[in-house]
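Enquirer:
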Amino acid sequence: MIASFFVIEKGKQSLLGRETAIKLNVLRLELQVNHIQEVSVFPKWKGDRVKLAINHNIKPVQQPMRRIPVALKVKVRDKIQDALKRDIIEPVNGPSAWISPMVLVFKENGDI
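Just so we're aligned, residue 83 is where the sequence shown starts under our numbering, counting upward by one.
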């Protein structure tokens, strides 16, 4: 393919379009990317004090984990990583008195 284009001194914008650059072998894409989505941080309340009413007469419950189907492990891992990036959840380092298993719920679109 032959293409004519002009080079502008101190230019700040590419003059070649994506398709032309690929055809001229000056651009090679490994993955097809339609758009890049910025990860938004989950909104939080800051500076507000919260008092939790805890009944200390209730014994903490530590429920066993539920098994995740092998076919869904990657999808679940990706959802957890997304929730960590968006600061919706945070890792627990150390023992916890209360343990509740994760419950997978399927949306109408097949997502979890």
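Using N, Cα and C, we set each Cβ at its ideal position, and we do this for glycine too.
Report the three-state DSSP secondary structure of I205 (helix, strand or coil).
Expert: Nothing about residue 205 can be read from this structure; the chain reaches only from 83 to 194.
Enquirer: Excluding the 5 residues flanking S182 on each side, which residues of the same chain have their C-beta closer than 7 Å to its C-beta?
Expert: Sequence index remark: in the sequence shown, residue 182 carries index 100 (1-based). Only Q145 meet the Cβ criterion.
Enquirer: For Q145, which three-state DSSP category applies?
Expert: The residue you call residue 145 lines up with position 63 of the sequence shown. If DSSP states are grouped into helix, strand and coil, Q145 belongs with coil.
Enquirer: From the DSSP output, in three-state form, read off L128 for me.
Expert: To locate residue 128, count along the sequence shown from 1; it is residue 46. Per the sequence presented here, residue 128 reads as Lys, with Leu not at that position. Here K128 sits in coil by DSSP.
Enquirer: For L39, I'd like the list of residues in its chain whose CB is within less than 6 Å of its CB, leaving aside the five on either flank, ordered along the chain.
Expert: There is no way to answer for residue 39, as the model of the chain reaches only from 83 to 194.
Enquirer: May I ask you to verify whether the region 123-140 touches the region 164-175, counting CB pairs closer than 8 Å and requiring at least 3?
Expert: yes
Enquirer: Within the continuous alpha helix (DSSP H) that includes K167, where are the two ends?
Expert: As a working mapping, residue 167 is identified with position 85 in the sequence shown. It spans 155-167 - the alpha helix (DSSP H) in which K167 sits, taken as one unbroken run.
Enquirer: Assuming R100 contacts L106 (C-beta within less than 8 Å), just tell me the rounded distance between them.
Expert: As a first step, residue 100 is located in the sequence shown; it is residue number 18 there, counting from the start. As a first step, residue 106 is located in the sequence shown; it is residue number 24 there, counting from the start. That belief does not hold up - the Cβ atoms of R100 and L106 are roughly 11 Å apart, past 8 Å.
Enquirer: Note down the Cα distance separating W127 from V174, rounded to an integer number of angstroms.
Expert: Translated into the one-based positions of the sequence shown, residue 127 becomes position 45. Translated into the one-based positions of the sequence shown, residue 174 becomes position 92. Inter-residue distance for W127 and V174 is about 20 Å (C-alpha atoms, whole angstroms).
Enquirer: Taking R110 as part of the alpha helix (DSSP H), name the residues at either end of that continuous run.
Expert: Counting from one through the sequence shown, the residue named residue 110 turns up at place 28. Premise fails: R110 is in no alpha helix (DSSP H) and is neither H nor E.
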